[in-house]
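Number of protein chains: 2
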Amino acid sequence: MKKNVEVLIKEFREYVAQMKYYQEVSSLIGWDLRTGAPKKGIDNRTKVLSMIAGKSFEIETSDKMGEYINSLEDGEGVDAVTNACVKECKRNYEKNKKIPKDRFKEYIRLSSKSESVWEEAKHKNDFQMFKPYLEKVLEFQKEFIDYRGYEGNKYNTILDDYEIGMTVDKVDELFGELKKNLVPLVKDIKESGYEPKKFFDNEFDVKKQKEFCKYILKEIKYDFEAGRLDESVHPFTIGMNPGDVRVTTRFSPENFEGALFGTIHEGGHALYEQNVSAELVGTPLCSGTSSGIHESQSRFWENIIGRSKVFWSRYFKELTEYFPDQAKGYNLDDFYKGINKVNPSFIRVEADECTYNLHIMLRYELEKKLINNEIEVKDLPHIWNDKMEEYLGIRPKDDTEGVLQDVHWSGGMFGYFPTYALGNLYSAQIYNTILKEIPDFNDLVAKGSFDKIVEYLKDNIYRHGKLLKPNEIIKNISGEELSGKYLADYLQQKYKDIYNI
Amino acid sequence: MKKNVEVLIKEFREYVAQMKYYQEVSSLIGWDLRTGAPKKGIDNRTKVLSMIAGKSFEIETSDKMGEYINSLEDGEGVDAVTNACVKECKRNYEKNKKIPKDRFKEYIRLSSKSESVWEEAKHKNDFQMFKPYLEKVLEFQKEFIDYRGYEGNKYNTILDDYEIGMTVDKVDELFGELKKNLVPLVKDIKESGYEPKKFFDNEFDVKKQKEFCKYILKEIKYDFEAGRLDESVHPFTIGMNPGDVRVTTRFSPENFEGALFGTIHEGGHALYEQNVSAELVGTPLCSGTSSGIHESQSRFWENIIGRSKVFWSRYFKELTEYFPDQAKGYNLDDFYKGINKVNPSFIRVEADECTYNLHIMLRYELEKKLINNEIEVKDLPHIWNDKMEEYLGIRPKDDTEGVLQDVHWSGGMFGYFPTYALGNLYSAQIYNTILKEIPDFNDLVAKGSFDKIVEYLKDNIYRHGKLLKPNEIIKNISGEELSGKYLADYLQQKYKDIYNI
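Residue numbers (my numbering), protein chains in the order written: chain A, 1 to 501; chain B, 1 to 501.
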C-alpha cells in the first residue's frame, strides 16, 4: 500500500529536522571550540564532533533519503517548501552518492594532512614542501568532478557547490568588466600621490573597542536576544537557528579598524541568518542561499554602509567621544578618507575595498586553469607573482606573502574564491536598486535609522533562506541578471571623489 | 557462532562511548543554556537537546544493551573496567526497563509541569496551589518503587539511585548521632551571645571579585587548561570529560562571600572530575562515584580547607590587598570568625556549615515518611515548621521560607537530599585520615602548597571515577565504614573554639 503523501511529507520533514539538529550541535561545538573551550578537552570533543557529523551525513546519504527524494520530488500535493527541501537534499545526496566512499575517505585524510603541511610551509616560506600535497588535492578535485559530471566547463561543477546556478562563462564576463575598470582605477589612485591619514593608526583600549562594536551592532539591528558577540582568533558568524546567530571578532589595541569593520562585516552575515523565516526552521533551507549572496550582505554592511561618509556623519562624533585622545586633529572628512585608503598590498584579507576584487580574480583565474589542466601546480608561484604585478603593480618578495597565504586550496576549497567578489557585485547592484526603492536611504543612514533598510533586505533576501536561488534573488530585486557595471560604477564614483581624480 | 569475547568487548565499549558522547553533547548544550545562550534560540535548542538525550536513552535501554549485559557480566576474559561498565549499564538498564514506558512518559510530562507550578507557588507563597502536583509526583515515586522492588525500606531504592549501597538504617544511625551532637551545639552557640562581625557585609567590585576567585581556583589546583569559570544564576560544575570541566559562579557587589565560597565549592567538584583516570574516558564510569562522595569534595575544599584559619593565614593578606578599603579594621582572627558565623536561618542554601546538616535531616525525615505513607503531603507545612523549631529554634513565617523553598521535590528528586549531609560526613572522616597520612597538612595549607593534598585525593578518590563504590572509597581511606562521629567531633571542636564554649 502506498503511503499517503501527507504522511510521507511529515516523516520526511521530521527526518530532515533530525539532520538539521545534528548540524546545530556541530555548529555549537564548533563555536565553543573557537571561543574558549579548554584545550585539554579538545581531543575528546573532536571524537564527539566526528560522531555527530557522521550522524548528519548518514541521514543525508541514506537509502531512506533516496526514497524520500524519489517519492516526493515535484509530486502532487507536495507544498513548495517541502519540494524545495527535497531538491536541496537531492543536491547533497547525488553529490555524495556519485563519489566512491573509499575515495572520499582517502581525500578527507589527505586534506586534513594537507592543511597542516600548508600551515608549516607558509610559516617556513617553502612552497616545495606544500607542492606534492596541493597536487594530490587537485587530482582529487578533478577526479571528483569526473564522477559528478559537468556542463561546459569542469570548473562549473565546483562553482555551483558554493554559488548555485553560476557558471564560468558568467563569471568571466563579470570579472572581465570589473577588471577593465579596476586596474586603471587602482593605477590612477596610486599616481594621484594622495595619502589619506589614518585615524586607526593608533592604540585603542580594548574594553572600549568592545563597547563601541557592540553599540554599532545594536544600531544596525543585530538582535542580541538572538545572538552574542565573542572573541576568536579568526572572526566568524555561526547561525544555529534564526534565534541563535553568534558573531565573533578579534580585539587588540593596535587593530581597532580590523575589529570594528570585522564586527560590522560579521553583523551583515548575522542579520541574514537572524531573519530567515520561521517556517524554514528545522529544514535545510534555513540558511543563506549561497556564499555569494551571504557575502553581499556582509560587504553591504561593512563597506557600502559602514565605510560611507553618511554613516559616519551619524557616528563619528560618538566615536570621538569614546576615544577623545586618538580623535585629536581629525574631522569627519579625514576620518572618512582614512577608512577608505587604497593601498595595493599582498595579503587578501587585509586588502581595501577597491583592490580586494583583484586579489579574487587572480585566484579564480589560477584555479580555473588548474582544474582544466592549463597550468600545473609547480607553475603557481611565478604566475601568481606575475599577475600581482599586472593587476596591482606590486610583486611579492616570497611565497608566504604570495601563493601560500590562503588556507582554501590546502583543504580542497576550490570554487569558493569567486564568491567573495560575486558578493561585492551583488551588493553594489542591490545598493543601486535600494537607492531607488528607498529614496530617503541616505537620510535614514545619516539618522542611524536602519529599520526600513533591514526590512527591505529581509523582505527581498533574508527571509527566503535557500527557498530562492541567487539568480532569483538578484533578478527579483534589480530586474536583471547580475552585472559587472554596478560595482565598477560604485567604486569609480567613490574613489575618484576621495582621490580627486 | 558465538562471538569472540574480545570482539564483543570492543563493540560494547564503542557502543557505550557513543552514549557517553551524546551525554557530553547534552552537557555542553546545558552549560551553554545556563551561561548566556541567546533566549530566542532556546525553543529550538530544547528540541535539539531532547533529540540528543533521546539518543543516549535509546542506547541505555536498547535490546542490544541487554544482550551485551547478558553476554559480558562477570564473564571470562572480561577486564575489570569493562565489567564495571557492564554493571553500571545494568543499573540503568534494569531501572528503565522495569518502569512501563507510558507511565514514565506521563511522569516526565507531570514533573516538568510540576516544576513550573512550584516556581509560581513559591513566588506566591501558596502551598495549596502546589499540593495536588506534589501529591501526584509522590504517587509516581511510590509506583516506580513498586515496579522496581525494594529491600527493607521503600526509600532504599531511591536512596541507592544517588548513593549506591546506602540504606535507611545506615542513614538513620549516622544522622541520629549527628543530630544528638548538633542540636545542643547550635543551642550553646546561640546562648553564647557572641556575634562575630563579618568582613563580607560590604560591597565589593565585581571585576576584582572575579580575579580573586580565579586566583584561588588556580591555587587549589583547578586546571584552567581543562576548564573555565563563567557566570550563571545558579552556580554549577559540569564535567564533560576530564579535559573539560567547567565551573560557574554568580557575582554581585553585595555577595562576595557567596561568590568566593561558591567558587571554592564548585572547584572541589571540579577537581574530582578533572582527575578521573584517562582509562575511564568514554565509559559511564568517567565521573564521580556518587552524589555523596562528590559533595564530600566540594565541602572539603569549601569548608574544611576554605573556611579554616590556616588557609586564610596564607590568603588573608592578599585578600586585603585586593580590597584595602573593606579590610580596614579587620585582622585574620576577625575574618576567620566572620566567615564561620553560625546563624540558624530558614533557607538551606544560605545556611552555615554547622546548621546546614539540620536542614538536610529535616528533609530526609519528611521524605522518608512520605514514601512510607507515614505522613501526607497536606501535613508537610506544619510538620516542617515544627521540626525547624525543634532543630534550629526558629519558625518560618510562611511556606516560601519553609516547605516551598527547594526545587527538588517538584521535579521528583526524592532521595537526593541526604547526600548533601552524607557529603559532610565523608569529608570529615576523610579529613581525619588525611591529618594522619599527611602529617604536615596544616603547614602545606599555610603555605598554599596543595599538590600533595590533591595528589592524595586523586589517588584515593578522584582517579577511580565510578570504578570504586562510595563504601569502598571511605573504607580504603579510613579503614572503617562511614561514621557520624568525625563530623560531630570536627564541628564541636571548631565551633566551641570560635564561640568560646
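Even for Gly, the Cβ is constructed at its ideal location relative to N, Cα and C. Since we're looking at a predicted model, the values are computed, not measured.
Which value, in whole angstroms, describes the spacing of the CA atoms of residue i and residue j?
i, j, result
"V454(A)", "A84(A)", "25 Å"
"T433(A)", "K469(A)", "19 Å"
"S111(A)", "M129(A)", "15 Å"
"T61(A)", "G54(A)", "10 Å"
"S27(B)", "K87(A)", "35 Å"
"F212(B)", "T263(B)", "10 Å"
"Y155(A)", "F57(A)", "25 Å"
"G176(B)", "V117(B)", "34 Å"
"I344(B)", "L49(A)", "Note on identity: in this sequence residue 344(B) is Pro, with Ile being the wrong assignment. The straight-line gap from Cα to Cα measures roughly 49 Å."
"K210(A)", "F251(A)", "8 Å"
"V171(A)", "D188(A)", "25 Å"
"Y162(B)", "I461(B)", "17 Å"
Identify every residue that forms a DSSP beta bridge with residue i.
i, result
"N255(A)", "DSSP lists no partner for N255(A)."
"I238(B)", "R246(B)"
Can you tell me which of the three DSSP states residue i falls into?
i, result
"V7(A)", "helix"
"V247(B)", "strand"
"T400(A)", "coil"
"E231(B)", "strand"
"P196(A)", "coil"
"M361(A)", "helix"
"Y536(A)", "Since the first residue shown for chain A is 1 and the last is 501, residue 536(A) is missing from the structure and cannot be characterised."
"V469(B)", "Before going on, a small fix: residue 469(B) reads as Lys here, not Val. If DSSP states are grouped into helix, strand and coil, K469(B) belongs with coil."
"C213(B)", "helix"
"G338(B)", "helix"
"N125(A)", "coil"
"V186(B)", "helix"
"F204(B)", "coil"
"N500(B)", "coil"
"T167(B)", "coil"
"P344(A)", "coil"
"S449(B)", "coil"
"S277(A)", "coil"
"L285(A)", "coil"
"Y222(B)", "coil"
"E119(B)", "helix"
"T433(B)", "helix"
"V16(A)", "helix"
"I375(B)", "coil"
Using a threshold of 9 Å, state whether the C-beta atoms of residue i and residue j are closer than that.
i, j, result
"G338(B)", "V137(B)", "no"
"T448(A)", "S298(A)", "With the sequence shown as reference, residue 448(A) is identified as Gly, and Thr is not the correct amino acid for it. Going by C-beta atoms, G448(A) is not nearer than 9 Å to S298(A)."
"E266(B)", "P235(B)", "yes"
"N275(A)", "G41(B)", "no"
"F144(B)", "Y107(B)", "yes"
"K341(A)", "D352(A)", "yes"
"V233(B)", "H269(B)", "no"
"T289(A)", "I477(A)", "no"
"L487(B)", "L435(B)", "no"
"L72(B)", "L380(B)", "no"
"Y330(A)", "L358(A)", "no"
"K98(A)", "Y147(A)", "yes"
"T283(B)", "R13(B)", "yes"
"Y499(B)", "S192(B)", "yes"
"F311(A)", "F335(A)", "no"
"I360(A)", "Y420(A)", "yes"
Hey, could you find the ends of the beta strand (DSSP E) residue i is sitting in?
i, result
"L482(B)", "Element bounds for L482(B): n/a, residue is neither H nor E."
For the alpha helix (DSSP H) containing residue i, list its first residue and its last residue.
i, result
"D74(B)", "First-last for D74(B): undefined, no H or E at that position."
"N385(B)", "380 to 392"
"K47(B)", "42 to 60"
"Q405(B)", "Neither: Q405(B) is in no alpha helix (DSSP H) and is coded neither H nor E."
"F316(A)", "309 to 322"
"D161(A)", "154 to 162"
"H294(A)", "291 to 299"
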